[in-house]
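Peer 1:
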Amino acid sequence: MNKRNTTLKLILSAMFLALAFVLPFFTGQLPQIGAMLLPMHIPVILCGFICGAPWGLLVGATAPLLRSFVLSMPPLFPTAISMAFELAAYGFLSGLLYRVLPKKKINIYVSLVLSMVVGRLLWGMVQFCLMGFDLEKFPLSAFFSGAVVNAIPGIILQILLIPVVIVIVEKSKISEKLK
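When you read off a place in the sequence shown, starting at 1, and then add 18, the result is the number in my numbering.
(1) Using a 10 Å radius around the Cβ and a threshold of 16 neighbouring Cβ atoms, would you call threonine 80 buried or exposed?
(2) Only counting runs of 4 or more residues, tell me where the alpha helix (DSSP H) segments fall wholly within the segment 67-94, in order along the chain.
(3) With H, G and I counted as helix, E and B as strand and the rest as coil, what does DSSP make of lysine 155?
(4) Leaving out five residues on either side along the sequence, give the residues of the same chain with a beta carbon under 6 Å from the beta carbon of isoleucine 126.
(5) So isoleucine 60 and leucine 179 are in contact, right, with Cβ under 8 Å, and what is the actual spacing, rounded?
(6) Rounded to the nearest angstrom, what separates serine 133 and valine 144 at their Cα positions?
(7) Please list, in chain order, all residues of the same chain as glycine 66 whose beta carbon is under 6 Å from its beta carbon, the five residues on each side excluded.
(8) Pick out whichever of Cys147, Pro72, Lys21 has its Cα sitting closest to the Cα of proline 96.
(9) Is the segment 34-41 close to the segment 148-165, with three or more CB pairs under 8 Å?
(10) Quick one: grab the DSSP three-state call for serine 149.
(11) What separation, rounded to the nearest whole angstrom, lies between the Cα atoms of lysine 195 and isoleucine 174?
(12) If you check the beta carbons only, do valine 187 and isoleucine 63 fall under 8 Å apart?
Listed below in structure tokens is the structure:
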């Protein structure tokens, strides 16, 4: 990887981190579904796809912790910590799978969906650990509610938006500079 390529990925990753920091301010204006849109997830997943697995992992792990330290939202324990693992998995896996799977449009969805599933499972495992391995403090119903039910609007948004953005980036000259 040449220096110019690394600099471009660093700049784009910083942009994705900034988006993950500010998007919750905008979605928070929608009281019923704002948090359900999962605004920090989209820039992290895009970072993985566009900049690659290491950059996606770094942005994913950093975004919730940075917001927690600066704004106290999300709360550090247990939310930001478990989100850091979840988003790191999204960023890493979306980038890794996108690079290793054959370059077919369907594999954008495969990379996205697998990243989302693994990230949510990891979130649940970390939450369970942080709750002292206590099923009374973090029952399966809490996992299902947090990972699936409350996330449905965000999941739909990600499945509709992210592949479109990736196809546009693939057709642009930016993608050639990132290789």
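For each residue, glycine too, the CB sits at the ideal point set by N, CA and C.
Computed from a predicted structure; not experimentally measured.
Peer 2: Concretely, from the data shown:
(1) Position 62 of the sequence shown holds residue 80. With 16 or more Cβ atoms within 10 Å of its Cβ, threonine 80 is classed as buried.
(2) Within the segment 67-94, the runs of alpha helix (DSSP H) that reach at least 4 residues and sit entirely inside it are, in chain order, 71-89.
(3) Taking the first residue of the sequence shown as position 1, residue 155 is located at position 137. Note: lysine 155 maps to coil in three-state DSSP.
(4) One-based indexing of the sequence shown puts residue 126 at position 108. So the qualifying residues of the chain are Pro181, Ile184.
(5) One-based indexing of the sequence shown puts residue 60 at position 42. One-based indexing of the sequence shown puts residue 179 at position 161. Between leucine 179 and isoleucine 60 the Cβ distance is about 7 Å, and since that is below 8 Å, they are a contact.
(6) Here residue 133 corresponds to residue number 115 of the sequence shown, with the count starting at 1. Here residue 144 corresponds to residue number 126 of the sequence shown, with the count starting at 1. One Cα belongs to serine 133, the other to valine 144, and the distance between them is close to 16 Å.
(7) Indexing the sequence shown from 1 puts residue 66 at position 48. Non-local C-beta neighbours of glycine 66 in its own chain, meaning closer than 6 Å and more than five positions away in sequence, comprise Gly74, Gly109, Ser112, Gly113, ordered along the chain.
(8) Residue numbering aside, residue 96 sits at position 78 when the sequence shown is read from its first letter. The shortest Cα separation from proline 96 among Cys147, Pro72, Lys21 belongs to Cys147.
(9) Put simply, the segment 34-41 does not touch the segment 148-165. Fewer than three CB pairs are less than 8 Å apart.
(10) Counting from 1 along the sequence shown, the entry for residue 149 is found at position 131. The amino acid at residue 149 is misidentified as serine; the sequence shows methionine. In this structure, methionine 149 counts as coil in the three-state DSSP scheme.
(11) By 1-based counting over the sequence shown, the position of residue 195 is 177. By 1-based counting over the sequence shown, the position of residue 174 is 156. Those two C-alpha atoms are separated by around 30 Å.
(12) What you label residue 187 is simply residue 169 of the sequence shown in a count that begins at 1. What you label residue 63 is simply residue 45 of the sequence shown in a count that begins at 1. The answer is no: Cβ separation not under 8 Å.
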